[in-house]
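Residue numbers (full-length UniProt numbering): 1 to 83.
Even glycine gets a Cβ: it sits at the ideal position worked out from N, Cα and C.
These numbers were taken from a predicted model, which means no experiment stands behind them.
First up is the structure itself, then whatever we jot down about it.
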């Protein structure tokens with residue numbers, strides 16, 4: 001049981017660490033960053049990454065830095081919601 005709990009904790013920490021992007025401390029420009037979940041993205045605000053969801057039926061398009069229709073977005077390497 002302890003091994004299971006420790007394993008789950010390690011996975012949660014690893015996913016959280018990977019999904020939180022680093023924002024530049026120079027926040028004069030708004031910067032959008034991809035999230036590990038294809039249906040979300042980060043906006044850098046005052047050096048902190050703030051998570052936002054894309055509208056239903058869209059994914060975050062890293063090529064255009066915007067939410068786009070799912071069929072137009074390459075989510076390679078990111079989590080894709082099955083819904």
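| query | result |
| --- | --- |
| Does the Cβ of residue 24 have 16 or more other Cβ atoms within 10 Å, making it buried, or fewer, making it exposed? | exposed |
| Are residue 67 and residue 54 closer than 8 Å when you measure CB to CB? | yes |
| How long is the line joining the alpha carbons of residue 69 and residue 26, rounded to whole angstroms? | 31 Å |
| Here's the rule: buried if 16 or more other CB atoms are within 10 angstroms of the residue's CB, otherwise exposed. What is residue 80? | exposed |
| Looking only at C-alpha atoms, which of 65, 78, 73, 71 sits nearest to residue 32? | 65 |
| Buried or exposed for residue 30, going by 16 or more other Cβ atoms inside 10 Å? | exposed |
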